[in-house]
Structures are given as C-alpha cells and as structure tokens.
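Peer 1: There's a structure below that I have some questions on.
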Amino acid sequence: MASCASVFPVVPWENPILWRCKGRGEPPQTKIPRLIDLFVKNRSSSIAIHRFVAQNSLHSSPFPLGSDSLEPEVKFRTAFSHMGTLESPVIYDPITVQDEQADFPWFGYNHSLILPGKTLERIFREDTPWMPRFDDLLNVRESLGLARKKYNALRRRQVKAETEAWERAAEEYKELERVMLEKKLAPSLPYVKSLFLGWFEPLRSAIEKDLKLEKAKRHKAAYAHHLSLLPADKLAVIVMHKMMGLLMMGQEEGCVRVVQAAIHIGEAVENEVRIHGYVEKAKKRGNRVCQDIIFTKEQQKRRKLVMKLIKMKKLVDVQKLLKEEIDMEPWGRDAQAKLGTRLIELLIDSAFVQPPINQLGDSSPDILPAFRHILKTVSVEDGKLKKKYGVIECHPLVHMGLGSTARLMVIPYLPMLIPPKKWKGYNKGGHLFLPSYVMRTHGAKDQQNAIKSVPKRQLNKVFEALDTLGSTKWRVNRRILEVVETIWSEGGGVAGLVDREDIPIQEKPGLEDSMEIKKWRWNARKAKKANNEMHAQRCDTELKLSVARKMQDEEGFYYPHNLDFRGRAYPMHSHLNHLSSDLCRGILEFAEGRQLGKPGLCWLKIHLANIYGGGVEKLSYDARLTFVENHLNNIFDSAMNPVDGKRWWMNAEDPFQCLAACINLSDALTSSSPHSMISYLPIHQDGSCNGLQHYAALGRDSLEAAAVNLVAQEKPADVYSGIAARVYEIVKKDSQKDPASDPTASLAKILVDQVDRKLVKQTVMTSVYGVTYVGAREQIKRRLIEKGKITDDRLLFRVSCYAAKVTLNALGEMFQAARSIMKWLGDCAKIIASENQPVTWTTPLGLPVVQPYRNSERHLIRTSLQVLALKRDGCLVATKQQKTAFPPNFVHSLDGSHMMMTAISCRNSGLKFAGVHDSFWTHACDVNRMNQILREQFVELYNIPILESLLESFETSFPTLTFPPLPERGDFDLRKVLESPYFFN
1 MASCASVFPV VPWENPILWR CKGRGEPPQT KIPRLIDLFV KNRSSSIAIH
51 RFVAQNSLHS SPFPLGSDSL EPEVKFRTAF SHMGTLESPV IYDPITVQDE
101 QADFPWFGYN HSLILPGKTL ERIFREDTPW MPRFDDLLNV RESLGLARKK
151 YNALRRRQVK AETEAWERAA EEYKELERVM LEKKLAPSLP YVKSLFLGWF
201 EPLRSAIEKD LKLEKAKRHK AAYAHHLSLL PADKLAVIVM HKMMGLLMMG
251 QEEGCVRVVQ AAIHIGEAVE NEVRIHGYVE KAKKRGNRVC QDIIFTKEQQ
301 KRRKLVMKLI KMKKLVDVQK LLKEEIDMEP WGRDAQAKLG TRLIELLIDS
351 AFVQPPINQL GDSSPDILPA FRHILKTVSV EDGKLKKKYG VIECHPLVHM
401 GLGSTARLMV IPYLPMLIPP KKWKGYNKGG HLFLPSYVMR THGAKDQQNA
451 IKSVPKRQLN KVFEALDTLG STKWRVNRRI LEVVETIWSE GGGVAGLVDR
501 EDIPIQEKPG LEDSMEIKKW RWNARKAKKA NNEMHAQRCD TELKLSVARK
551 MQDEEGFYYP HNLDFRGRAY PMHSHLNHLS SDLCRGILEF AEGRQLGKPG
601 LCWLKIHLAN IYGGGVEKLS YDARLTFVEN HLNNIFDSAM NPVDGKRWWM
651 NAEDPFQCLA ACINLSDALT SSSPHSMISY LPIHQDGSCN GLQHYAALGR
701 DSLEAAAVNL VAQEKPADVY SGIAARVYEI VKKDSQKDPA SDPTASLAKI
751 LVDQVDRKLV KQTVMTSVYG VTYVGAREQI KRRLIEKGKI TDDRLLFRVS
801 CYAAKVTLNA LGEMFQAARS IMKWLGDCAK IIASENQPVT WTTPLGLPVV
851 QPYRNSERHL IRTSLQVLAL KRDGCLVATK QQKTAFPPNF VHSLDGSHMM
901 MTAISCRNSG LKFAGVHDSF WTHACDVNRM NQILREQFVE LYNIPILESL
951 LESFETSFPT LTFPPLPERG DFDLRKVLES PYFFN
C-alpha cells in the first residue's frame, strides 16, 4: 500500500451522523465536537461503528489512498518545476477554529467543546483499514476541554489588559507612595519612573481640586462634565504617559504642539471613559464584575443555565452593556481639545524637576517646572511675523530621560492574546473592549456614512479577509531579540539600528572669520538636526523593543486588522508589527510551525537570497540558490556567532530578517533530516513594482506586462534597471553637448557617473502612486547625498532637479499605456470635483471608497491656556487633490482587493497567511500553493471589467456630466500570469 496519512477528526462529508449536525448555523470546524459526541452517544445504538467507518473511510476522504502528498497539485509546472514535493507526510496540521463565541453555544452539553481561535491538532497515522479507536475519540475530547480552560485563562488576561491598563499604573504609583511614606525613604527607581512618581500625587490632587471648584460654580467650564467621568488618579496617569509619549515621537526637539497634545489626550480619556463605563455599569447591576469579564450573546439567551457553569469562575455577561455604550455619541474634537488643554495646564502647574545637587554647589536646590507653554514662530518674511503656534516644551532634564521612557509607557493597543472578535460592522469587531473601527476614516463623515449605509452582506468578503489576517498567530523570535538586545546595549549603530550616541557639535571657532563662522553654523545646524532625528529613532526603537520584551514569553499573539479609506489592511497595533521595519520583521515569526519538505527548503534558500538583496533578488531562482550554496560557511557562522563572528548577515539589505533566515537554514541543514524540520519563518513573495503590474493588467499592454513580469521569462525583468538604463542614455547624450549653448550639459557631466538602479528606484516605484516633480526631486536628492560626491548644496539641488526631470520623462516613454490610464482617471476625477462632489467608487470586494479631500476651515476654540485653531472639513472639495490623488488611490484599492482575495483563498486551502500590501507571506512548505493562489486571484480580479464598471458608476451617479472615453486596451492574454514564475517572487 502506498504511503499516506489518515486524518481524524474527519472533514464532514455525507453520513447519517453528520446529517444530524446540519442546519444549526455552525461552521464545519465546530461540528467536530458534535461528531465526537454523537459517536459516543451512538456507540450502542443501531448506527454500527462499521457503518460509520465505511461512510467515512479514506476512499471518500479528501486524501484518497495512494496519494503520496497532502499538497495540492501545482498547476503551473513551468513556473516552479525546480521545486519538489514534500518528502514525508505533514505531521502537524492545526485547524484554526474561527467561531468568536467566548463561552460557546453548547452550554449544558457535557461533552467536548472546541475553542474559538485555538487550534485542534489533526492526528495523522499510518494507513489502517480502521478509523481511530473509541479511546482516541475520548482523548481528543479531553484535550479539547483542557484547551478550553487555557483559552478562558488567556481571555481573562486579555480583558484585564484592555480594561485595567491605566488603573494598574495608577495603583502602582499609589503603592510606591505608600512604601515611601512608611519607610521614609525614596524607592530605588528608574529615572523616568521617579519623575512620574513625583508628579503623580500633585497632579491627582490638582485634578480633584479643579473638579471640586467646577462643581461649586453655577456656570461650569465646558470641560467640567468630561473631567468628572474618570477617577483623578486615572486621569493623572493618562496625561503623564501620553505627554511623554508625544514628546518621544515628536518631530521637534523636546516639544509638542498644544493642539496635537490636547486632542491626543482628550481622545485617550474618551476611550478610557467608554471602557470604565462598561465595568462600572456592570458593577451597579450586581453581576459581581471582577477580573473574568467574558461576554457572549449565547450567555444572554441562556442565562440561568450559564450561571450554573460560570458561578465558580465569576464570569459576567456584558454584551448588552457593550452594545449600549458603543452606540454612545462621540465627544467630538472640540470637547477633546478643551478637556486635553485643561489637563495639560494642570500638568504644567503640578510637574517639577530638581537639578542634581552637585551641580549647584552650596546653594539650596532649585525646583524647576518640568513643562512650559511657549509660542513658536513658523516663519518670518521681510522681518515681519508670519505665524505663531503654541507648544508644550519639556525641561532638558525631562528630555534627557525620554530615550528610556518606552519600557515604562502604558500601551493600551498591544497585540491580543486571543483571536480578535470577528468584524460584523463599522465598530463591531477587533478588540474586546478597546474602541475598534473597521476603517481609519480620521473623522471623514462622508466615508463613515458610506460604510454604515451599505448592507452588511456587501462587506462580508472584506470582513472575512480582515478576520483571516487577524487569525494568524505570531510569536517573538527570542534568538533574534537576544541579538538585538546585545547590539543595542553595546551602542547600536550597526545592522540598521540607530547609533545611541549623538553626533558631537564642534565648539564655535574663536576667529572672527565670517566664512568660518558661517561654515560652523551650517555644520552645527546639520548636526543638531541629525541628532534630533536619531533621538526620535532611538525612542521608536525602544518602543518596539519594549513591546517585544512584554510579548517574548507568550506562546503566541494576534494582530486585529482594519483598513485605510482605500481598502488597504493594517494591524491595529502600531509599534511591533510585520508591516514595520526590518527590526520588527526579524523579531516576529509564525507561532505555528510546519515541516519544510523539499520545496520548503528551496524556498527558504530563495527567501534568504531575496532578503540579502544587493541585486541578488533580481537573479533567476537557480542563481539565487547558487548564491546561497556559495555562502553556506558565512550562513553557518552568522547563525552560530551572530555578534562575535564574521557578521556576514549585517551586510544584507534587511539584516535581522537575513539573520533569522540564516538561523532557520542552519538549523535545517545541520539536522539529521532537513526536510522534516519544523519551520516558523514567514517566507515572502513580493510583487515586481506592483503598481505597474496592476496598470499593465488594466491596460492589457503586452510590453508593459513583460516589463513587470506578468509573462514567463528565464529570469525576472527588472523595471528599475530598465529605467536606469534609459536615464543613463539621456544623461550621457546631454553630457556631450556644449555647456555654453545647453546649461544642462554641465549638470549631466556631474550626474552621468552616478546613474544606477538605486538612484531611480524610489521614483519609479512611486510614479504610479502620483509622485510629483518635487517629490521625485527630493527622492533623488537623498540618494545623491548618500553617494556623497556632490558637497555643494546649491549644485546638489540643481542636479537633483535635472535628474528628476529626466527620470520622469523616461518613465513616460516606457509606460505610455499606464500613463494614459492615469490621465483618464485624473480627468474623470477633475470633472466630478468640478461639481463639488468627492470621487467615490466601490472596490471589487464591495467596499465603498470616498476620497476625503476637502478644503479645510479653521475653527477657533478659546481655552484657558491659549486659543486653539482646529481644522475641519469645509463645504468645498479640494479639486486639485481629488484629481491628483485618484489614480494612486484607485490602484491601492485594487492591490488591497487582490491581497484580501488571496488571504481568503489561502485560508480556505489551510494555509497560514500574512500580507503587507504587495508582499504575501506563508510557511516555506506552502509557498508553491500560495503562488498558485495569488496568480489565480489576480487573473480573477482582472477578468472583471474594472474600468468599464467604474465609468458606468460615474455615468449613473452624474448623468448630466460627460466623461472621456476609456483608453484603448492591448491584447495581452491575462492567463499568461498563471505561468509566470517571477510575477511574485
């Protein structure tokens, strides 16, 4: 008999027992425990076991006898013919149960329960003529019960994390104060924590005093009501932590704009008021709220039965409360700004710092304000003041401690310990208690109304895709984190980490030479700017590492996702996530591993070559494999001695991801069975200038399709190298002209030796997303600065202008079909905007999109600190923005649709999936299948008449307007994408 694997629990196909599970509105996975129980209950009934087995045998299963692999057949053999099949059967294949019900719909059902978002291991055995024994069924049921307890424990922790973050911080400060008073000695604390402790009690007292005064007034301040909605200690912690967080990440050294800080703090207070309200109202209803808040609609329906099951666990039903509170009217920017401003004012009056005594000699120590409110000037023209704005500036002693603040910060939106709630509406899904919205609208009412007004079933695919992305379980790669911590503790400055030391600023020269003084000022200004940027990067790194440290001991965690207004998906946690930098991507890995197999080992090697970069990623697959084979000694050294060895991995474009791949490959190749090794590493497949790929598919242009790998080729086409070659031709021709008759000749002579792929790459990449001439100039200027050959700033500016113009002209020559579609989209947007209407469309997945660009109006709010000028959307749309932003926004909505379609299909095929816009990730062993899926979904997407449907929707919405005809389409056969090995690679 051929080698194969038997599977239990059985995927439910037809049999009498499973028919009894139908019609209950359950997904297939949740029927498994019912199947087990029905098997148990019917073991003595007329349904004989032999009959059960006959109707559920391998002959009718998805994996028939004689199959050598569980992998789906790869349809495009030419694309991946060098990849083999799995050498041995998969041993571990978890089924993730997506049901979000917290306490499950089987109350009173004494047999096994299956966990929402948890995994149920399929048990693979050698071929037998029998199904698993009855004892095995009982073992499965027992393991499910244990897993359920584990899930509930994690859920309780998640609820605590979301509802008690600020409260725990306040309790900690109160406990430290108590210890300090009892022992009459200041506790040994980190510098910033000692600052927080010193500010906490005065600020809390100030808030309580201010609230008491407001209550006594007949005419109360506008902020008074909102100030009373939270305890003073919580408000104090929120203000301190949010202010320090804003200063950490601020664009200006040691200060933050009042408007930004006020709204940020007011918004944080509003979110906490909602959460605080859930808990307090539940307490008043006598439901014994404690740490174990778990809520489901099922508990509400069967309350009496539920209470018997949850009595000892003290679980509380708050679903109804949650629904009531979520529908609460938002405060609005005005209320947030007024409350935030008052809290900032109280912080300024309450927070002080004390310089070290040894700096003051014999004099008594001064107590200085930790923060102050000042006005700054935006710019001065002809000696006249143009504009002023208010900022909160921190004392240098506070600024000094910002770099070490991250590990002490309260971060409410941490990755979740359990799978996110399924999305079911605009504000229904994601986190359990923290306010979660399916789209980041940034207050755009038109977009909010569009989402809320469409039927929910229209958004089912969008919700399904977000749920799929959110169900992927991650964990911290501790070996990478350990290396990062070592390098960071030694001062950083390598492997992409920012240097922890500032650039020294030279002393002012004593000479009165005006040129020397001018040069010193210029260099000092440059160094100060660089130091400010490095300070912000250090704070950002500390925040990322702070989250990694908090999550490193967790078995796994999840990222709830939502959308921007164009339909692109993003994790809702902002610091440590897979959309972020190389540091974050290196630290993160899948929490669930799968065997490499033969194809997986090949893809792991190709992934390492891709991550190493430096042009290697543009070679053929065989050449990339050869590159890895030629550097195995360096790879082994990197894995075994990442810090003290040769440090080959640090030369990679993405060093920490490269190190993770080196470790994974080293572990596989040094094991007794490389193909059997369990790998947790996400393997990436990236689009080739994905924006142009979408334009090529829209226009069906054969030349453009070939340039961006929509057709099969021996090695990948590189559009960036193609543009660079054309730019070089133009520049070389210009350099041979006479400078007297053509002023560009002298600029061309300076530029000609500096034209390469890297110089033009960013401009080419962003050209399809609407990069302007100014944007292209700045991008190229940064690359020229990196080369360091042009030191004169004025000359650098002129050369950058010339290079940007030549690059954009070369793009126009090579991608005429894409340009014609961009122009058509822009012309349509201009016509619509001329009617004072925003451009709107619906994505292929049914998501309504409304461009939010309107002319803003200033709205003045008088506060006790200063007059705040808030911006809000006016009545008139911003015609220019509506036009220029429409082509890139439309293409972004299409690449978002492609990613979500791929996510759903991968989930349905049993793959783990993560997406970063035009980069799709899965386990190494599943890359072949994901490659097949993403190509099929791309073809399916563009078999829809997208531009025709868009024009039809415009004509329906604006019947009196005349729109230009669609650009002519080429004859490219879209099915060729299915055979292209380098479409995504």
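Just so we're aligned, residue 1 is where the sequence shown starts under full-length UniProt numbering, counting upward by one.
For glycine and all other residues, C-beta sits at the position ideal for the given N, C-alpha and C.
As the structure is a computational prediction, the values presented were derived from the model and not from experiment.
Please classify VAL849 as buried or exposed, where buried requires at least 16 other C-beta atoms within 10 Å of its C-beta.
Peer 2: buried
Peer 1: Which residues does DSSP pair with TYR570 in a beta bridge?
Peer 2: ASN562
Peer 1: Evaluate contact between the segment 911-918 and the segment 658-673, counting only Cβ atoms and requiring at least three cross-stretch pairs below 8 angstroms.
Peer 2: no
Peer 1: Across the segment 714-727 and the segment 611-623, are there enough close Cβ pairs to call them in contact, namely three or more that are closer than 8 angstroms?
Peer 2: yes
Peer 1: With a CB to CB cut of under 6 angstroms and the five nearest residues on each side skipped, what residues in its chain are close to ILE418?
Peer 2: GLY117, LEU154, ARG155 and GLN158
Peer 1: Inspect the CB distances between the segment 444-460 and the segment 887-905 and report whether three or more fall short of 8 angstroms.
Peer 2: Contact between the segment 444-460 and the segment 887-905 is absent, because fewer than three Cβ pairs lie under 8 angstroms.
Peer 1: With respect to the alpha helix (DSSP H) encompassing GLY429, which residues constitute its N-terminal and C-terminal limits?
Peer 2: Here GLY429 belongs to no alpha helix (DSSP H); instead the beta strand (DSSP E) covers 428-430.
Peer 1: Please report the residue range of the alpha helix (DSSP H) in which HIS631 lies.
Peer 2: Taken as a continuous stretch (DSSP letters only), HIS631 belongs to no alpha helix (DSSP H), as it is neither H nor E.
Peer 1: Would THR340 pass as a contact of ARG257 if the rule is Cβ separation under 9 angstroms?
Peer 2: At residue 340 the sequence reads Gly, which differs from the Thr that was named. No, Cβ-Cβ distance for GLY340 and ARG257 is not below 9 angstroms.
Peer 1: Quick check on PRO844: does DSSP put it in helix, strand or coil?
Peer 2: Three-state result, PRO844: coil.
Peer 1: Given a cut-off of 9 angstroms, decide if GLY826 and PRO887 are closer than it, judged by their beta-carbon atoms.
Peer 2: yes
Peer 1: In three-state terms, what does DSSP make of LYS473?
Peer 2: In the structure shown, LYS473 sits in a strand (DSSP, three-state: E or B).
Peer 1: Just to confirm, are SER735 and LEU751 a CB contact at a threshold of 9 angstroms?
Peer 2: Result yes, Cβ atoms of SER735 and LEU751 sit closer than 9 angstroms.
Peer 1: Ends of the alpha helix (DSSP H) at THR863?
Peer 2: Counting along the chain, THR863 falls outside any alpha helix (DSSP H), and DSSP gives it neither H nor E.
Peer 1: At a cut of 8 angstroms, does the segment 865-877 reach the segment 588-603 through at least three beta carbon pairs?
Peer 2: Contact check between the segment 865-877 and the segment 588-603: fewer than three CB pairs, one atom from each, fall below 8 angstroms, which does not count as touching.
Peer 1: Over what stretch of residues does the beta strand (DSSP E) that includes GLU653 continue unbroken?
Peer 2: No beta strand (DSSP E) contains GLU653, which DSSP labels as neither H nor E.
Peer 1: Assuming ILE344 and ILE392 form a contact by the criterion Cβ under 8 angstroms, report the distance between their Cβ atoms to the nearest whole angstrom.
Peer 2: 6 angstroms
Peer 1: Classify residue 1038 as helix, strand or coil using the three-state DSSP reduction.
Peer 2: What is shown of the chain runs 1 to 985, which leaves residue 1038 out entirely.
Peer 1: On a CA-only basis, which of GLU501, GLU516 and PRO509 is nearest ALA536? Give me that one, please.
Peer 2: GLU501
Peer 1: Would SER980 be called buried (16 or more neighbouring beta carbons within 10 Å of its own) or exposed?
Peer 2: buried
Peer 1: Is the distance from the Cβ of VAL727 to the Cβ of THR807 below 9 angstroms?
Peer 2: yes
Peer 1: For GLN354, report the span of its alpha helix (DSSP H) as first-last.
Peer 2: Careful: GLN354 lies outside any alpha helix (DSSP H) and carries neither H nor E.
Peer 1: What do you reckon, are the CB atoms on MET930 and GLN685 nearer than 9 angstroms?
Peer 2: Less than 9 angstroms separates the beta-carbon of MET930 from that of GLN685.
Peer 1: Count Cβ pairs between the segment 858-868 and the segment 642-661 that sit closer than 8 angstroms; are there 3 or more?
Peer 2: no
Peer 1: Could you tell me whether the Cβ atoms of THR863 and ARG178 are closer together than 9 angstroms?
Peer 2: no
Peer 1: Using the rule of at least 16 other Cβ atoms within 10 Å of the residue's Cβ for burial, across every protein chain shown, is SER957 buried or exposed?
Peer 2: exposed
Peer 1: Go through its chain and collect everything with a Cβ distance to ALA652's Cβ below 7 angstroms, but skip five positions before and after it.
Peer 2: ILE611, TYR612, GLY613 and CYS658
Peer 1: In terms of alpha-carbon separation, which member of VAL643, ARG624, VAL483 and TRP648 lies closest to ASN633?
Peer 2: TRP648
Peer 1: GLU936 to GLU542, Cα distance in whole Å?
Peer 2: 42 angstroms
Peer 1: Can you tell which of GLU175, ILE946 and LYS388 has its C-alpha closest to the C-alpha of PHE694?
Peer 2: Before going further, note that residue 694 is His rather than Phe in the sequence given. Out of GLU175, ILE946 and LYS388, ILE946 has the C-alpha closest to the C-alpha of HIS694.
Peer 1: Between the beta-carbon of ALA804 and the beta-carbon of ILE780, is there less than 9 angstroms?
Peer 2: In this structure, ILE780 lies closer than 9 angstroms to ALA804 by Cβ.
Peer 1: Would TRP199 and ALA351 be called neighbours here (beta carbons separated by less than 9 angstroms)?
Peer 2: yes
Peer 1: If you drop the 5 nearest sequence neighbours on each side, which residues of the same chain put their C-beta closer than 6 angstroms to that of ALA924?
Peer 2: LEU596, GLY600, TRP603, LEU604, SER679 and ILE683
Peer 1: To the nearest angstrom, how far is the alpha carbon of TYR223 from that of ALA335?
Peer 2: Distance between the alpha carbons of TYR223 and ALA335 is about 7 angstroms.
Peer 1: When DSSP labels each residue in this structure, what does THR441 get in the three-state scheme?
Peer 2: Of the three classes helix, strand and coil, the one that applies to THR441 here is coil, per DSSP.
Peer 1: Measure the C-alpha to C-alpha separation of ARG274 and PRO355 and round it to an integer number of angstroms.
Peer 2: 40 angstroms
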